[in-house]
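Following: one structure in structure tokens, then a few remarks.
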Amino acid sequence: MNFLRNAKLFSVALLSAFFLISCQKDSLSDAAHDVQSFSGIAGFNAIYRSLGLDLKIDDRVVNSDEYFDMGGAVKHKSVFPGRRTISLYDKDKKVEVFRGEHLVDPGKVYSAFFYGKDNVQMKVVEDNMIAPSAGKAKIRIANFANNRRIDFKVKEGQTATAGDKELSAQEVTTFYEFNAEKVRFQFENESEFSQMSIEFKPKDRGVYTVFLIPRIVSNVEGISMPDYEIQVIEHN
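Take the sequence shown: its letters are residues -24 to -1, 1 to 212, numbered as in mature numbering (1 follows the signal peptide of the UniProt record, and there is no 0).
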């Protein structure tokens, strides 16, 4: 009798174990599905003279704790896949300055670049935010410098993926991989006073956007400056 009782208890325990393992597999599968279904959108502001904008996705403000002035960025925010409405609201002027849509694929992340002056437009690119290997950094160039073509040159920083390049207006390059040491880039266009350089030391495995935006040019007599400026945006 003890043998039969023990056999029954063992069978119940074995079935329970199989049930728990099955549940755990289902949970892991669901978690993997959730990760694959994650989507995100970040925002970049190159709208001339814009200050304090609300970035909205499906009419919900997503940058309540982030300023969105010209030259600024809003970190990637989680969104549901599908056709999403993206809009900008000027809080000072109390007017919507942009409204558009973008089809968001499951598991994809995007950057929305807003630019223009009287007629605001949006350019959306798919992002590759996977961190590089140790000792490397990933950097891309986004040219929203007053609707101008810009020549880009790598002056310092070892890389096998980036070289001198002509950037068309509103061009966003792929992410180039650099050694995580000091990098120095030079930009210029056909204007006489257009040449600018920027250098910085990227973090190990860091991901960056070098963001060219319009400059609010001062009319100081005798001073000539490029009509664009450069921001370095670090993606966390």
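Every residue, glycine too, gets a C-beta built ideally from N, C-alpha and C.
Quantities reported herein were computed from a predicted structural model and do not represent experimental measurements.
task = Put Asp34 into one of helix, strand or coil per three-state DSSP.
result = coil
- request: Answer with buried or exposed for Pro82, where buried requires no fewer than 16 other C-beta atoms within 10 angstroms of its C-beta.
  value: exposed
May I ask you to verify whether the region 14 to 28 touches the region 42 to 51, counting CB pairs closer than 8 Å and requiring at least 3? yes
Fill in: Cβ-Cβ distance between Phe74 and Phe56 below 8 Å
no
Review point. Expressed to the nearest angstrom, what Euclidean distance is found between the alpha-carbon atoms of Lys93 and Ala22?
Key: 9 Å
Going by the CB atoms, is the gap between Ile117 and Val186 shorter than 8 Å? yes
Local conformation of Thr149 per DSSP, three classes
coil
Quiz item: Does the beta-carbon of Met98 have 16 or more other beta-carbons within 10 angstroms, so that it is buried, or is it exposed?
Solution: buried
Less than 8 Å separating the beta-carbons of Glu42 and Thr61?
no
Margin query: To test your reading of the DSSP string, which unbroken beta strand (DSSP E) runs of 3 or more residues are found completely within the region 66 to 107?
Written below: 71 to 80, 85 to 92 and 97 to 102
Please report the distance separating the alpha-carbon of Thr135 from that of Val38. 35 Å
* Asked: Which residue from Val148, Lys141 and Glu205 puts its Cα closest to that of Asn104?
  -> Val148
Point to revise | Residue from Leu27, Glu166, Phe120 and Glu210 whose Cα sits closest to the Cα of Asp68 | key: Leu27
Tell me which residue opens and which closes the beta strand (DSSP E) that Lys53 is part of. Lys53 -> beta strand (DSSP E) spans Ala49 to Val55.
Same chain, Cβ closer than 7 Å to Gly111, neighbours up to 5 away in sequence not counted:
Asn155, Ala156 and Asp180
Taking C-beta to C-beta, are Gln171 and Lys131 nearer than 8 Å? No; because the gap between Cβ atoms is not below 8 Å, this pair is not in contact.
CA-to-CA distance, Pro178 to Lys158, given in whole angstroms = 7 Å
Could you tell me how far apart the beta carbons of Leu188 and Ile206 are, in whole angstroms, since I believe they sit closer than 8 Å? A Cβ-Cβ distance of about 6 Å is found for the pair Leu188 and Ile206, placing them in contact under the 8 Å criterion.
- prompt: What residue does the beta strand (DSSP E) around Gln207 start on, and which one ends it?
  reply: Its beta strand (DSSP E) spans residues Tyr204 to His211.
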